[in-house]
Every structure is written in structure tokens, then in C-alpha cells.
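Once you know that position 68 of the sequence shown is 51 in my numbering, the rest is easy, because the numbers rise by one and skip nothing. What follows is one structure encoded as C-alpha cells, with my remarks underneath.
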Amino acid sequence: MKVLKVGIAILVAALAAGCASGPAFNDMKDSFAPMMADQGRIYFYRTAMGGVAVQPSIYLNGQVVGKAVPGGFFYADRPSGNYEVSATTEAENKLTFTLERAQTRYVRLDMNIGLFVGHIVPRLIDENDGAKEIQTTKFAGETPPKKP
């Protein structure tokens, strides 16, 4: 019985280590620097806690902007224009959309089962739904600029 308890404790610790551990979205949202006048903001988030070992890089127009960390979020401010979000494990999944000036977009990073490893599938989420869903996540990105 003691071995089982130790095994469970190790498993829980390993799973927790793979999840986002930064401040909660609601605790830091008021400290984000405001968007520049000619830009929009794209939030990336992963609400699912399964597949902690699957944390591929997330690319925005070919540039790494973060990782798909379970329970985590990050954001990128970009000029208006057309964007492609991609994530690659054993298969590459892409999403394309247009970002307008002063617009906020939400990209949920869903986990799908793959043949050998899970796949991260980026999905564009309605602004109202995304604003609600992201509240359960924790910061998993680079330190963002603070409000002046």
C-alpha cells in the first residue's frame, strides 16, 4: 500500500511539472501592456490538461511564439494582416485567419489523439467564448511587457 501511495505521489508530481505554473490569467490580465494603435492581440491557450508530454512549439507565420503547455496561455501582439498558426508533432496542423487593427483573437490549442503521439490542433474561438475559457489558464509565455 505504501508503494502505491509513493507511486501516485510521483505520478501527480510529474503531471504537475508539465502544466503551466505561472500566474493565473485573471491575476495578471490588468498588468498587460496596452496594444499599440496599429496592432491586434492574439491569445493562445490550452485548457486541456491531458497529454502533458505533448508541448510542441506554436508558430505564427513561421516564427515560434510559445509552447502548447497544458493549462497555459500566452499572447502575441501583431500588426493587422493575415496569419497562419501551426503546431507540429507527427503531423502538422494549421489555422489561418485575419487580424484587424485593435482586434483580440483567441486561438485554443486542442489536443487530439494521434497514431504515436497526440496532435495539437489550433482552433479560432469566438471572442466571447475565448475570453471565458482563457480565465482558467496560467501564464506560460515569456514575461510580457507591463503597463507603464
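Every residue, glycine too, gets a C-beta built ideally from N, C-alpha and C.
For residue j and residue i, the rounded distance between their alpha carbons
i              : j             : result
isoleucine 103 : glycine 49    : 13 Å
tyrosine 42    : lysine 115    : 24 Å
serine 14      : arginine 84   : 21 Å
alanine 31     : glycine 23    : 26 Å
lysine 12      : glutamine 86  : 16 Å
proline 53     : tyrosine 66   : 23 Å
proline 16     : glycine 45    : Checking the sequence shown, residue 16 turns out to be alanine, not proline. Those two C-alpha atoms are separated by around 24 Å.
glycine 101    : methionine 19 : 36 Å
glycine 5      : glutamate 125 : 10 Å
tyrosine 89    : serine 63     : 15 Å
Span of the beta strand (DSSP E) around residue i
i             : result
glutamate 67  : 64 to 71
glycine 23    : 22 to 28
glycine 45    : Element bounds for glycine 45: n/a, residue is neither H nor E.
glutamate 75  : 75 to 82
aspartate 112 : Careful: aspartate 112 lies outside any beta strand (DSSP E), inside the alpha helix (DSSP H) at 110 to 116.
threonine 87  : 87 to 95
Buried or exposed (CB count within 10 angstroms, at least 16 for buried), residue i
i             : result
serine 121    : Per the sequence shown, residue 121 should be read as lysine rather than serine. So lysine 121 ends up on the buried side.
cysteine 117  : Just to set this straight, residue 117 is isoleucine in the shown sequence, not cysteine. Flag for isoleucine 117 reads buried.
glycine 55    : buried
isoleucine 96 : exposed
glycine 33    : exposed
Range covered by the alpha helix (DSSP H) that runs through residue i
i               : result
phenylalanine 8 : 8 to 11
Nearest-angstrom Cβ-Cβ length linking residue i and residue j, presumed shorter than 8 Å
i                : j                : result
phenylalanine 27 : phenylalanine 57 : 6 Å
proline 105      : valine 68        : 4 Å
threonine 72     : valine 37        : 6 Å
arginine 29      : alanine 59       : Actually they are not in contact, since the Cβ atoms of arginine 29 and alanine 59 sit about 15 Å apart, beyond 8 Å.
leucine 82       : arginine 61      : 6 Å
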